[in-house]
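Only one structure is covered here, and it is reproduced in the block below.
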Amino acid sequence: MKHDAADLPLGGMPLEVFLQDYWQKKPCLIQQAFPGFEPLLDENDIAGLACEELVDARLVMGNFAEANWSVAHGPFEETQLAALPERDWCLLVQDVEKHYPPLQSLLSKFDFLPGWRLDDLMVSVSAAGGSVGPHVDQYDVFLLQASGQRRWQVSSDFNPDYLADCDLRVLKDFCPQQEWLLQAGDMLYLPPGIAHYGLALELGMTWSIGLRAPSQADLFQALGDWLAQQHAEGRRYRDPEICAGNPAGEISPAELQQLSSLFTVTAPSSEVYQPDLNEFLASFISRFRLAHQPAAPEQQLDSLQVGLALQTGNCLQRNPWTRLHWIRQGQQARLFAAGEGLSCSQQLAGSLCGPALSDMQWQQLSSRDQDCVLELLNQGHLYLQQADH
Numbered sequence: 174m175k176h177d178a179a180d181l182p183l184g185g186m187p188l189e190v191f192l193q194d195y196w197q198k199k200p201c202l203i204q205q206a207f208p209g210f211e212p213l214l215d216e217n218d219i220a221g222l223a224c225e226e227l228v229d230a231r232l233v234m235g236n237f238a239e240a241n242w243s244v245a246h247g248p249f250e251e252t253q254l255a256a257l258p259e260r261d262w263c264l265l266v267q268d269v270e271k272h273y274p275p276l277q278s279l280l281s282k283f284d285f286l287p288g289w290r291l292d293d294l295m296v297s298v299s300a301a302g303g304s305v306g307p308h309v310d311q312y313d314v315f316l317l318q319a320s321g322q323r324r325w326q327v328s329s330d331f332n333p334d335y336l337a338d339c340d341l342r343v344l345k346d347f348c349p350q351q352e353w354l355l356q357a358g359d360m361l362y363l364p365p366g367i368a369h370y371g372l373a374l375e376l377g378m379t380w381s382i383g384l385r386a387p388s389q390a391d392l393f394q395a396l397g398d399w400l401a402q403q404h405a406e407g408r409r410y411r412d413p414e415i416c417a418g419n420p421a422g423e424i425s426p427a428e429l430q431q432l433s434s435l436f437t438v439t440a441p442s443s444e445v446y447q448p449d450l451n452e453f454l455a456s457f458i459s460r461f462r463l464a465h466q467p468a469a470p471e472q473q474l475d476s477l478q479v480g481l482a483l484q485t486g487n488c489l490q491r492n493p494w495t496r497l498h499w500i501r502q503g504q505q506a507r508l509f510a511a512g513e514g515l516s517c518s519q520q521l522a523g524s525l526c527g528p529a530l531s532d533m534q535w536q537q538l539s540s541r542d543q544d545c546v547l548e549l550l551n552q553g554h555l556y557l558q559q560a561d562h
């Protein structure tokens, strides 16, 4: 997909320059990435979200000078937030674009990056002095100043020790190498592993567009679960050859080697069986860091009902909590929703995963594509809505 520099939130910087010089390499300040930015939600809206059930919200209080950090988790009472002091607090709400779907259009501005990496829009409301302290993240993030002013200090050379007996992972020492003051519409890109410290100079909001980055530990743990589900118990340890006389309690080198061989997944015929890692990885990505599992509708639909609904002005909408990703499977596609895989055409997969679902001619879909859409509807990953809503 080609991108016009004028349409990207990079302040006119060519995409190739950003990817080559900054992406996962060093911080980048983008002044007026969103000129004249006017947030669709204000500070009161975010505070209201933090009071709702099923919303992941935190309230951080304290400052770096006194190292008196504390954190409380929502949902909060309105009276609790109304009684906050004039300074030194920060309210953070995750997955704001899922609770308020119109904000998904903001994330679509970052479609020059792999779509599966985009995680969520976290919004922080901070009073003067509000911060979460200097810390390090292991994922890419774009920090958009939505309102007010915030000072950002960063360093790539830092002491990795954290404060002891602290509810937050705050660096014990922090000496900045660079510093910027962000106004509304400015944005700071930070790659993984860069220490950073944001401090609000006045009441305002920072909107953080984070990108998922699974670790080896995440993958190994999920792979073990997946292999166990695919192959039940698998093989069990055996002693084809035992040598008498091992010292008491010793696990011999031969036994260690035999135990290690269990890590190789083999079929009963002893032919090496290679698990479909592409299937596992795509399934894992579609559910990694998924905060809520979409709920199935109360009434199941059949193909006749879906066809009639689409013919009479309804359109398909994605559940905001669903992550749809797909991989190629020959000339077809394997589409994944919250860990479950479905087979369909590449055209349908691309349409369902695109920024906007196009009008779907139900009768022109193959029976397999119709089955795929029907399954997604009945699992709650898609829903029908009147087009004029």
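For the sequence shown, the working numbering begins at 174 and goes up steadily by one. All C-beta atoms in this analysis are idealised placements derived from N, C-alpha and C, irrespective of residue type, glycine included.
Have a look at residue i and residue j and give me their C-alpha separation to the nearest angstrom.
i, j, result
"G371", "S297", "11 Å"
"Y410", "L400", "17 Å"
"L392", "N451", "13 Å"
"E375", "E548", "49 Å"
"C545", "S425", "52 Å"
"T252", "R324", "29 Å"
"Q484", "S476", "12 Å"
"A440", "D215", "With a pLDDT of 45 at A440, under the threshold of 50, the modelled position of this residue cannot be trusted, and the question is left open."
"G358", "T379", "10 Å"
"Q505", "C416", "53 Å"
"I500", "A240", "47 Å"
"V445", "S388", "Any reading at V445 needs caution, since the residue's pLDDT is 38, under 50, leaving its predicted position unreliable; the model's value is listed next. Computed Cα separation, rounded: 27 Å."
"D284", "P182", "11 Å"
"A337", "V343", "9 Å"
"L355", "S433", "54 Å"
"S243", "C339", "7 Å"
"L515", "V327", "44 Å"
"E250", "C224", "6 Å"
"D412", "A468", "48 Å"
"A319", "R541", "44 Å"
"M186", "D180", "10 Å"
"G480", "W535", "6 Å"
"I382", "Q519", "28 Å"
"Q490", "K282", "19 Å"
"L474", "A482", "10 Å"
"Y195", "C201", "6 Å"
"L435", "R408", "7 Å"
"F210", "Q403", "49 Å"
"D261", "L254", "13 Å"
Bridge partners for residue i per DSSP, in chain order?
i, result
"I382", "L294 and F315"
"Q505", "Q502 and S518"
"S243", "M234"
"A368", "V309 and S328"
"C201", "Y362"
"C263", "V233 and S299"
"L335", "Here the sequence assigns Tyr to residue 335, which means Leu is not the residue at that position. BP columns for Y335 point to L344."
"L497", "A510"
According to DSSP, is residue i part of a helix, a strand, or is it coil?
i, result
"L525", "helix"
"R153", "What the structure shows of the chain is the stretch from 174 to 562, and residue 153 is not part of that stretch, so it cannot be assessed."
"R491", "strand"
"F191", "helix"
"R541", "helix"
"E548", "helix"
"V233", "strand"
"W353", "strand"
"A511", "coil"
"A401", "helix"
"W289", "helix"
"S299", "strand"
"L183", "coil"
"A395", "helix"
"Q559", "strand"
"A373", "strand"
"A206", "coil"
"Q472", "coil"
From what residue to what residue does the beta strand (DSSP E) around residue i run?
i, result
"H554", "Per DSSP, H554 belongs to no beta strand (DSSP E) and is neither H nor E."
"I219", "Run containing I219: none in the beta strand (DSSP E); it sits in the alpha helix (DSSP H), E216 to L222."
Would you give the residue range spanned by the alpha helix (DSSP H) that residue i belongs to?
i, result
"F453", "L450 to R460"
"S476", "S476 to Q484"
"E250", "Element bounds for E250: n/a, residue is neither H nor E."
"V269", "V269 to H272"
"A427", "P426 to S433"
"S278", "Q277 to L280"
Taking Cβ positions only, does residue i come closer than 9 Å to chain B?
i, result
"R342", "In the displayed structure, chain B is absent; only one protein chain is listed."
**Message:** When you compare the region 221-240 with the region 261-275, are there three or more beta-carbon pairs, one atom per stretch, that lie closer than 8 Å?
**Reply:** yes
**the region 341-351 in contact with the region 301-317 per 3-pair CB rule at 8 Å** = Between the region 341-351 and the region 301-317 there are three or more inter-stretch CB-CB distances shorter than 8 Å, so the stretches are counted as touching.
**Item:** Cβ pair count under 8 Å reaching 3, the region 454-465 against the region 416-435
**Value:** no
**Message:** Quick test of the definition: if touching needs 3 or more C-beta pairs under 8 Å, does the region 505-514 touch the region 550-561?
**Reply:** yes
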